[in-house]
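35 is the number of the first residue of the sequence shown in this note's numbering; add one for each residue after it. Accompanying notes for the structure given below.
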Amino acid sequence: MATQTATATELQTFEPASSTPVLLLRKSHDAPSNFQQPSGRLTTTDSEEEAAITAPVQLSKTRAGIVIAQVCGQLFFSSFCNGIIVVALPAMQHNLNLDEGLLVWPSSSYFLTAGSCLLLAGSVADVVGNKRVNLTGSFFSAIFAMACGLAQTGGQMIAFRALQGVAYAVITPSSISIISNNMEEGRPRNMGFACMGFSQPLGFLFGLVLGGVFTDNVGWRPAFYLAAAASAALFLVAIWALPRDLQPRNEQSIWKRLAKDIDTVGVFLVSTGLATLSYVLASLSADINNIHKPSSIALLAIAGCSIPSFIGWMHHRVKNNQTALIPNSLWGSYVFTSCCVMVLLTNALTNCMELYSSLFFQQVQGLSATVASVQVVPSLAAGALTSIATGIFVHRMPVLWMLLISSAMSTVAPLLMALIRTNQVYWENAFFAQILTPISCDILFTVGLLIVSDVFPKRMQALSGAVFNTCAQLGTALGLSVAQVIASSVNNASSYADKSSPDALMVGYRVAFWAMFGWMMFVCLVCVFGMRRVGVIGVKRD
């Protein structure tokens with residue numbers, strides 16, 4: 035296929051006095067002659083430029099296919115476990131004596147730790163090497179999947195799920211960097227990112243279906259054993275398949291490079307802020323009155339102080355020509371900022387819709403886990419097909435219209451569930467809600483990765499993937515916690531004597547669905563104002 039020239043918006047940077055990148059947009063019918071990737075913009079010293087690794091070798095089509103399959107396989111089985119949690123949650127609650135207030139913790143603990151560790155994992159992968167970091171995450175992913183199957187109490191399950199989130203955080207940035215650096219620009223890279231996108235809803239789909247079948251027949255534990263065995267097999271494949279890590283031109287040890295090239299204080303500040311905020315919200319989902327506890331107040335204060343401290347630290351690092359984790363100037367780009375906000379809210383919607391739709395089918399309509407999982411299948415199938423189509427056609431349609439149309443479609447999904455009657459036939463409302471839910475999130479996954487990866491230089495692609503996925507995981511953790519707080523508060527304030535009755539539960543679920551509708555309305559507004567000047571992305575440059 036002939037090389038295409040860029041025919042619309044190109045993401046570019048300009049160099050202010052502080053040498054930090056600010057995302058700009060330029061519309062042109064040809065790729066600008068002076069266009070260049072923002073190489074080294076986030077680390078500004080000459081010595082670091084000399085230490086940069088040589089350009090990665092582009093993989094052959096066969097090898098690239100194997101690498102994509104391995105990378106996507108790990109993400110597939112991470113999401114597979116998430117699907118098991120959703121469909122088997124009522125059974126787990128009974129088997130593990132899980133309190134009603136901790137009902138979403140097996141899900142939210144995973145996303146809490148994943149969102150908190152992504153930036154650190156991405157920074158380490160850019161220094162230590164993508165293959166080493168990916169192998170480490172793959173190994174522990176298998177270990178903790180097995181541990182979830184062996185859990186005997188609710189506390190153990192929550193802890194093992196949190197550790198699974200850490201393993202996911204280790205795998206994801208390195209996987210994105212491998213595809214970004216080792217796949218040819220244009221359709222090959224677009225399809226690589228798209229495959230990463232659809233592997234997760236597809237894994238969730240199989241987790242729902244097989245998890246439901248296992249739960250109703252032999253129990254939910256064998257489903258985790260299956261995920262552990264598959265993850266172990268993929269770990270062995272990764273040893274051979276993943277491209278080797280290229281060595282830097284200098285002779286510094288890994289430990290010296292870690293100390294020099296990683297903004298340790300920045301990682302600590304942002305991770306602390308994310309972790310404490312997510313933990314407080316998760317504790318509020320158990321009991322809204324926890325907000326009055328001294329521990330909650332202290333953690334909120336820590337989270338509140340972490341944000342301005344992080345901003346000040348970034349300013350200090352840039353001013354002194356040192357490595358900055360996420361330079362403040364990046365947030366001045368409305369495209370980059372809008373993309374992060376949209377990713378956060380669409381992931382919140384998708385995961386909350388999956389969880390609360392399953393709870394509605396089981397606890398309100400009284401359906402079995404198997405039937406409930408089958409009724410959520412259209413959502414995951416639509417997500418997988420959307421991701422594949424996005425990888426193929428992303429370079430043919432303006433970003434604004436692609437994201438605005440998909441966001442508007444997904445906005446209808448929670449509206450349908452908010453208006454649903456408890457005895458309504460599945461095909462009238464719920465079916466269409468399931469189909470529309472993932473469209474915005476899955477298109478934004480591919481588009482967002484292409485946008486964010488252009489902001490960071492080649493040697494910091496793991497960090498770029500970490501920034502993107504931190505927004506996604508934070509959105510999921512916050513969304514689940516906020517939705518649970520809303521549903522629990524409304525349920526407790528309802529006039530029903532039996533708070534666990536289907537009618538009482540539905541009162542809370544309905545308000546939660548309305549909240550999700552509000553999130554997506556805001557996403558549509560952000561899309562209009564943030565993406566209005568973005569043209570076509572994902573084309574191959576000359």
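Using N, Cα and C, we set each Cβ at its ideal position, and we do this for glycine too. Keep in mind the model is a prediction, meaning the values are calculated, not measured.
Buried versus exposed, by CB contacts within 10 Å (16 or more), residue i
| i | result |
| --- | --- |
| L559 | exposed |
| N224 | buried |
| D295 | buried |
| V252 | exposed |
| K165 | buried |
| N116 | buried |
| P448 | buried |
| F427 | exposed |
| D297 | buried |
| D537 | exposed |
| S529 | exposed |
| T96 | exposed |
| W347 | buried |
| P140 | buried |
| I580 | The structure shown does not extend to residue 580, since the chain is modelled only from 35 to 576, so the question has no answer here. |
| N381 | buried |
| G366 | exposed |
| Q186 | exposed |
DSSP-derived helix/strand/coil call for residue i
| i | result |
| --- | --- |
| V304 | helix |
| V158 | helix |
| N129 | helix |
| N354 | coil |
| V369 | helix |
| L424 | According to the sequence displayed, residue 424 carries Thr and not Leu. Three-state DSSP puts T424 in a helix. |
| P256 | helix |
| L359 | coil |
| K327 | coil |
| E388 | helix |
| Y144 | helix |
| S340 | helix |
| K533 | coil |
| M565 | coil |
| S175 | helix |
| Q104 | helix |
| P207 | helix |
| A98 | helix |
| V167 | helix |
| D279 | coil |
| V519 | helix |
| L419 | helix |
Proximity to residue i [Cα-Cα], best of the options
| i | options | result |
| --- | --- | --- |
| F258 | S113, I485, I477 | S113 |
| L292 | D160, L414, G542 | D160 |
| N216 | P472, Y530, V101 | V101 |
| T310 | A335, T298, V299 | A335 |
| A415 | N463, I454, V243, L483 | V243 |
| V481 | Q458, L434, A467 | L434 |
| F302 | S535, G117, L152 | L152 |
| H577 | F240, N324, G220 | As shown, the chain starts at 35 and ends at 576. That puts residue 577 outside it, with no answer to give. |
| A155 | V200, G183, Q518, C182 | V200 |
| A266 | F173, N164, V557, W139 | F173 |
| S522 | G400, P140, N323, F563 | N323 |
| S441 | M180, P277, M565 | M565 |
| Y144 | A275, T504, V167 | T504 |
| M540 | Q458, D250, T510, S363 | Q458 |
| R567 | P432, V271, V375 | P432 |
| L453 | L483, S534, R544, L478 | R544 |
| G509 | T424, S312, L268, S528 | S312 |
| V167 | L130, N131, I212 | I212 |
| P342 | L197, A531, V304 | V304 |
| F344 | L308, F556, S474, S329 | L308 |
| L239 | V411, V405, L146, F465 | V411 |
| L169 | V271, F178, G241, T147 | V271 |
| V158 | C475, S392, K290 | K290 |
| G149 | A506, T404, S392 | A506 |
Closer than 8 Å to chain C by CB, residue i
| i | result |
| --- | --- |
| C229 | No chain C is present in this structure, which holds just one protein chain. |
Query raised in the report: Are there three or more Cβ pairs, one per stretch, closer than 8 Å when the segment 394 to 412 is compared with the segment 120 to 136?
Result: yes
Query - Three-pair Cβ contact test at 8 Å for the segment 408 to 420 versus the segment 549 to 558 - result: no
Requested in this report: Report yes or no: do three or more beta-carbon pairs, one from the segment 198 to 208 and one from the segment 369 to 383, lie closer than 8 Å?
Outcome: no
Query raised in the report: Counting only runs that start and end within the segment 431 to 469, where is the alpha helix (DSSP H) found for 4 or more residues in a row?
Result: 433 to 453
Requested in this report: Indicate whether the contact test is met: 3 or more Cβ pairs, each with one atom in the segment 228 to 244 and one in the segment 96 to 110, closer than 8 Å.
Outcome: yes
Query raised in the report: Should the segment 513 to 530 be called in touch with the segment 385 to 392, which here means at least 3 C-beta pairs below 8 Å?
Result: yes
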